[in-house]
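Below you'll find the structure, written out as structure tokens, and then a few comments.
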Amino acid sequence: MNLVTKFISKLFNEQVMNWNKLETPETLQEIIKNSDTTPVLIFKHSTRCSISTMALSRFERQWNQEKMGNVEPYYLDLIKYKNISNLIAQELKITHESPQVLLVKNGKCIYNASHSSIYFDDLVGKAS
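In my numbering, each number is its position in the sequence shown, counted from 1, plus 36.
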């Protein structure tokens with residue numbers, strides 16, 4: 037997050053999205069295992085796609101950790117880590133899309149949205 041975004045967030049008393057990075061197969065396996073006790077959100081983002089950038093920006097503006105409880109958010113850069121995206125599709129039995137938001141609980145994907153269907157409010161309550 038850049039300095040201007042942090043300033044604006046503080047000015048308007050907005051919450052800052054604190055992403056965990058998803059960059060290794062080991063982290064993915066850990067996420068799936070840990071989802072038995074802590075729901076996990078994965079945002080798959082293509083840094084070369086303007087639609088993906090808009091969806092990520094909108095999602096970050098809507099984010100409210102209080103409403104999401106103990107959900108752990110993870111960010112995947114699809115350009116750098118395409119192999120991880122392929123593993124996600126295989127492990128969670130989903131179709132790869134970009135941008136894409138997944139909510140993982142008890143080792144299963146319980147919510148899957150892509151492109152203009154990505155809205156924070158749709159996730160609220162699904163993780164509990």
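Virtual Cβ for every residue (Gly too), placed ideally from N, Cα, C.
| Asked | Found |
| --- | --- |
| Considering only C-alpha positions, which residue in the set Ala125, Glu59, Trp55, Thr63 is nearest to Trp99? | Trp55 |
| Buried or exposed for Pro61, please, with buried defined as at least 16 other CB atoms from any protein chain shown within 10 angstroms of its CB. | exposed |
| Could you check the C-alpha separation between Ser134 and Ser152 for me, to the nearest Å? | 11 Å |
| Just to confirm, is the Cβ distance from Ile78 to Tyr110 under 8 Å? | yes |
| Does DSSP put His151 in a helix, in a strand, or in coil? | helix |
| Using the C-alpha atoms, what's the distance from Leu138 back to Val76? | 8 Å |
| Mind reading off the beta-carbon distance from Ile115 to Thr83? Whole number of angstroms is fine, and I expect it under 8 Å. | 5 Å |
| Expressed to the nearest angstrom, what Euclidean distance is found between the alpha-carbon atoms of His81 and Tyr155? | 15 Å |
| Output the distance between the C-alpha atoms of Leu112 and Lys103, rounded to the nearest integer angstrom. | 22 Å |
| How far does the beta strand (DSSP E) with Pro109 in it reach, from first residue to last? | 108 to 113 |
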